[in-house]
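Numbering (this note's numbering), first residue to last: 9 to 275. By construction, the Cβ of each residue, glycine as well, lies at the ideal position given by its N, Cα and C atoms.
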Amino acid sequence: MIGLTFTPNAKLRASEVTIHYWIERSARPFLAVSGASLEIRPAEFVSIVGPSGCGKTTFLNAVDGLLPISGGALELNGRPIAHPGQDRAMVFQQPSLLPWRTVLGNVVYGLELQGRMSRRDSLERARDLVRLVGLSGFEQAFPTELSGGMQQRVNLARALATDPEMLLLDEPFAALDAQTREFMQRELLHIWEETRKTALFITHDIKEAVYLADRVLVFTRRPGRVKTCVEVDLPRPRELNIKRDPRFLAYEDQIWNSIEEEVRASA
């Protein structure tokens, strides 16, 4: 496991986090994460990869406040995470848009619930975000009239609408075809470069993880914890052709070898 020296200005900090949860008809709680320690700095983009079932999504749900931790400490801005909050926004694999609302209506929805802005200001912010995600002209379209990639862009705009401090992304492009997925990776980087939100991104795709992130954290097999931290020293802004760069391929190999060790150990 990696050694970790905490810095005073971390946005997110996990120290020896353990997470149990109950499975129906089980006699004992399921141990998903054990002793996970990591930190994420402000405006940093961090990807987490690991073997299937290693607790990546469970950890992300705990960061969002959807699951309680069983042990250790999990803090955002130095404050314990106990429940969901407006300082975080989750982007799921499926867009889960409201089918009776237009693109603009879906993006403005969170602002309506928040109730902090006037109707006029809320709509103006929503329109700005629709432009940011490249959907100008589709403001009045309904979700069923959009492709999968376009729906996910609406989902991302909706997450950004309330101006969260941190974006949590749970395999948001996994259901897309390969071409659309690469396009969305590039779009996400463009949006991140514009907003500089602190981002935690879960994926099974090593190439995707390296392309997007400043650092890639490799989880062990279940119960998951951080095994390896790979600093991705590649220039930004990044274009898709960087995936052919020898340095990129070396990072990809390093991460794959680390995951393969875990898969073999659990066989």
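In this structure, Ile27 and Thr66 form a Cβ contact; the two beta carbons are roughly 6 Å apart against a cut-off of 8 Å. Distance from the CA atom of Arg229 to the CA atom of Cys62, rounded to whole angstroms, is 5 Å.
When DSSP assignments are scanned along the segment 184-236, the uninterrupted stretches of beta strand (DSSP E) that are 3 or more residues long and fall wholly within it turn out to be 206-210, 223-227. Bridge pairing for Val57: Val226 [DSSP]. Ser144 has no beta-bridge partner at all, per DSSP.
When DSSP states are grouped into helix, strand and coil, Arg124 belongs to the coil group. Ranked by Cα distance from Lys215, the options Leu112, Ala51, Phe256 are led by Phe256. Bounds of any alpha helix (DSSP H) do not take in Glu173, whose DSSP letter is neither H nor E. When the alpha-carbon of Tyr117 is set against those of Ser78, Ala165, Phe146, Gly43, the nearest one is in Ala165. With contacts defined as CB atoms closer than 9 Å, Glu83 and Thr110 fail to qualify as a contacting pair.
In the DSSP annotation of this structure, the continuous segment of the beta strand (DSSP E) that includes Thr26 starts and ends at 20-29.
Annotation: Leu184 to Leu140 spans about 20 Å, alpha carbon to alpha carbon.
Looking at the backbone, the Cα of Gly43 and that of Val25 are separated by about 5 Å.
DSSP, read as helix, strand or coil, puts Leu68 in helix. Per DSSP, Glu47 is one residue of the beta strand (DSSP E) stretching across 38-48. Shown here for Glu201: same chain residues with a beta carbon closer than 8 Å to its own, the five before and five after excluded, namely Arg244, Pro245 in chain order. At a Cβ-Cβ threshold of 9 Å, Val99 and Ala221 do not count as neighbours.
In the DSSP annotation of this structure, the continuous segment of the alpha helix (DSSP H) that includes Arg272 starts and ends at 254-274. The straight-line gap separating the alpha-carbon atoms of Pro92 and Thr206 is approximately 16 Å.
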